[in-house]
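Undergrad: Below is one structure. I have some questions about it.
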Amino acid sequence: MKRKRYSAEQIVSILRQAELGMAVGDIVRQLGISEQTFYRWKKQYAGMQVEGVRELKILQEENARLKKLVAELSLDKAILQDVAFKKVERPALKREVVKYIVSHYGLKLARACRLMKQVRSTQYLHSRKDPKLPLRQRLKELAQVRLRWGYRRLHILLKREGFQLGVNQTYRWYRLEELQLRSWRKKRSKTTMLRQARMQALHINDAWSMDFVADQLADGTKIRLLTIIDIYSRESLAIVVGHRLRGDDVVAALNRIAERRPAPKCLFVDNGSEFSGQLLDLWAYHHQTKIDFSRPGKPTDNCFIETFNGSLRDECLNIHWFASLTETQAVVEAWRRDYNESRPHTALKNLTPAAFARETGAGGA
């Protein structure tokens, strides 16, 4: 049988009747309650007026509302701390965060949107843009082959393959596919200082730059690589691989290059014994070439070859694990040809392919 319930105001009115002289037995019989229930009411509500009961009820409801509000604020604070590491400036990212809050904390969608300051209509919106899955798949394939290339060079390769998109679109897909490179090199502050003006290469074969790169094989055997580039075109003229490379190896490499193109007007080198010896000095005198040595402790004086060596190490040497000197020579030569013929560059952006072939003679061979 369903038990009758009485409000606080009704209970106070009943107790008031008992105070006016009505028998308790008559009251409990009319209401259908026990005497125990009556005296419990009397213990709790005795001496109160109807207005006081109403105020008490309002106060209890307000306290309950405040407790609920405090609990909600505590939960909201915990949720905001949970998602504080996420960058949610864009509506698309806010949409994902709202879904995360609803699924993990059980909040209603309206409250989650209000917490993240997201318009609910935006939450229900579904993009109708073309996801461009073939483009994104091709971008991932190129990034897997060119492990150390950024989005700008990958954008050039996509344009070559016929994809119609801007560099900003490439960057957006590049970020969405999480293909960003991580550079762990420690940054340091750089100061500038005045120095004497050096020769500026205005044409191909005006100036070449040379340097050595050290590496080792899989068994720990040390090897050296002599790199030679044209400063104006950034073309890699030769990469000589050997266990021990000396001054005569440098001269032999320069002679092989001079057989197919004119000798340079200037050579940019450091102060190593291979470059400061008599053999290279005699070669420079014979070809009327000036040797420009870098200042001690200033690798930036020969910055072009340092940049090239960084690309060589980053894109070739660090990726492969060489087992023999022959394998090293084959892989490095293949990378050099790819660097000259396929890799995007900015040094000759103002030259047409015909002008580049006319300047180089061999067309980057």
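Counting in my numbering, the sequence shown runs from 2 upward without gaps.
Beta carbons: idealized from backbone N, C-alpha and C, even for Gly.
From a predicted model like this one, the values you see are computed outputs, not experimental measurements.
If you check the beta carbons only, do D216 and L203 fall under 8 Å apart?
TA: No. Outside cutoff.
Undergrad: Just the Cα atoms here: how many angstroms apart are R262 and N206?
TA: Computed Cα separation, rounded: 8 Å.
Undergrad: What does the alpha-carbon distance come out to for the pair V13 and K44?
TA: So the two alpha carbons sit approximately 11 Å from each other.
Undergrad: Restricting to Cα atoms, I'd like to know which of E316, A335, E334 and V333 is closest to W150.
TA: For the residues E316, A335, E334 and V333, the minimum Cα distance to W150 belongs to E316.
Undergrad: Ordered along the chain, which non-local residues of its own chain (more than five positions away) have a Cβ less than 8 Å from that of P297?
TA: Excluding residues within five positions, the ones whose Cβ falls inside 8 Å are N272.
Undergrad: Among the candidates N64, T327 and L67, whose CA atom is the shortest distance from the CA of A219?
TA: Cα-wise, what sits closest to A219 is T327.
Undergrad: Between the C-alpha atoms of A259 and L268, what's the straight-line distance to the nearest angstrom?
TA: Roughly 13 Å between the two C-alpha positions.
Undergrad: Within 10 Å of its beta-carbon, does N367 have 16 or more other beta-carbons around it, so buried, or fewer, so exposed?
TA: The displayed coordinates of the chain run from 2 to 366. Any statement about residue 367 would go beyond what the structure contains.
Undergrad: Report yes if the CB atom of L108 is closer than 8 Å to the CB atom of I102, and no otherwise.
TA: The answer is yes: Cβ separation under 8 Å.
Undergrad: Exposed or buried, which one is H287 when buried takes at least 16 other CB atoms within 10 Å?
TA: So H287 ends up on the exposed side.
Undergrad: Taking only the alpha-carbon atoms, compute the straight-line gap between S128 and I80 and give it to the nearest angstrom.
TA: One C-alpha to the other measures close to 27 Å.
Undergrad: Is the region 129–143 in contact with the region 295–312, if contact means three or more CB pairs nearer than 8 Å?
TA: No contact exists between the region 129–143 and the region 295–312.
Undergrad: Would you list the residues sitting across from T228 in a DSSP beta bridge?
TA: Beta-bridge pairing links T228 to D212 and I240.
Undergrad: Can you list, in chain order, the residues of its chain whose CB lies under 6 Å from that of V84, leaving out five sequence neighbours each side?
TA: Excluding sequence neighbours, V84 sits near V98.
Undergrad: For L268, which residues does DSSP report across the bridge?
TA: The partner list for L268 (beta bridge, DSSP) reads W209 and I292.
Undergrad: Does DSSP put M194 in a helix, in a strand, or in coil?
TA: With a pLDDT of 41 at M194, under the threshold of 50, the predicted position of this residue should be treated as unreliable, though the coordinate-derived value follows. It is coil, neither helix nor strand.
Undergrad: Thinking C-beta only, is S237 closer than 8 Å to F323?
TA: No, these two residues do not count as a Cβ contact at 8 Å.
Undergrad: Per the DSSP calculation, K223 is bridged to which residue(s)?
TA: Looking at the DSSP assignment, K223 forms a beta bridge with Q217.
Undergrad: Since A239 and A254 should fall inside the 8 Å C-beta cutoff, what is the C-beta to C-beta distance between them, to a whole number of angstroms?
TA: Contact holds; Cβ gap of about 5 Å.
Undergrad: Starting from S274, follow the alpha helix (DSSP H) in both directions and report where the run begins and ends.
TA: Element bounds for S274: S274 to S277.
Undergrad: For the alpha helix (DSSP H) that E334 lies in, which residues bound it at each end?
TA: E334 -> alpha helix (DSSP H) spans L326 to E342.
Undergrad: In whole angstroms, give me the CA-to-CA distance for T222 and R245.
TA: Near 11 Å, if we compare the C-alpha coordinates of R245 and T222.
Undergrad: Inspect the beta-carbon positions of L283 and V251 and report whether they are closer than 8 Å.
TA: No, the pair does not count as a contact, with Cβ atoms beyond the cut-off.
Undergrad: Go through its chain and collect everything with a Cβ distance to G248's Cβ below 7 Å, but skip five positions before and after it.
TA: Excluding residues within five positions, the ones whose Cβ falls inside 7 Å are E275, G278, L280 and L281.
Undergrad: I'd like to know whether the C-beta atoms of T329 and I224 end up nearer to each other than 8 Å.
TA: Closer than 8 Å, so yes.
Undergrad: Report the three-state DSSP secondary structure of E10 (helix, strand or coil).
TA: E10 falls in the helix class under three-state DSSP.
Undergrad: Roughly how many whole angstroms lie between the Cα atoms of I15 and I28?
TA: Approximately 8 Å, taken between the alpha carbons.
Undergrad: Could you compute how far the alpha carbon of Q170 sits from the alpha carbon of F164?
TA: About 11 Å.
Undergrad: Relative to the C-alpha of E10, which candidate in A285, V25, Y46 and L180 has its C-alpha closest?
TA: Residue Y46 is the option with its Cα nearest to E10.
Undergrad: Output the distance between the C-alpha atoms of R199 and S295, rounded to the nearest integer angstrom.
TA: The alpha-carbon atoms of R199 and S295 are separated by roughly 11 Å.
Undergrad: Grab me the residues of A111's own chain with a C-beta within less than 8 Å of its C-beta, minus the 5 sequence neighbours each way, in chain order.
TA: R121, listed in sequence order.
Undergrad: Is A144 closer than 8 Å to Q155 when the C-beta atoms are compared?
TA: The sequence given here places Leu at residue 155; Gln does not occur at that position. Result yes, Cβ atoms of L155 and A144 sit closer than 8 Å.
Undergrad: Rounded C-beta distance between A208 and K266? I'm assuming under 8 Å.
TA: Between K266 and A208 the Cβ distance is about 7 Å, and since that is below 8 Å, they are a contact.
Undergrad: Suppose contacts are defined by Cβ-Cβ distances below 8 Å. Is L180 in contact with K141 by that definition?
TA: It is a contact, given that the beta carbons lie within the stated cut-off.
Undergrad: Are there 16 or more other CB atoms within 10 angstroms of the CB of R161, so buried, or fewer, so exposed?
TA: With fewer than 16 Cβ atoms within 10 Å of its Cβ, R161 is classed as exposed.
Undergrad: Using 10 angstroms around the beta-carbon of V25, count the other beta-carbons present and answer buried if the total reaches 16, otherwise exposed.
TA: It counts as exposed.
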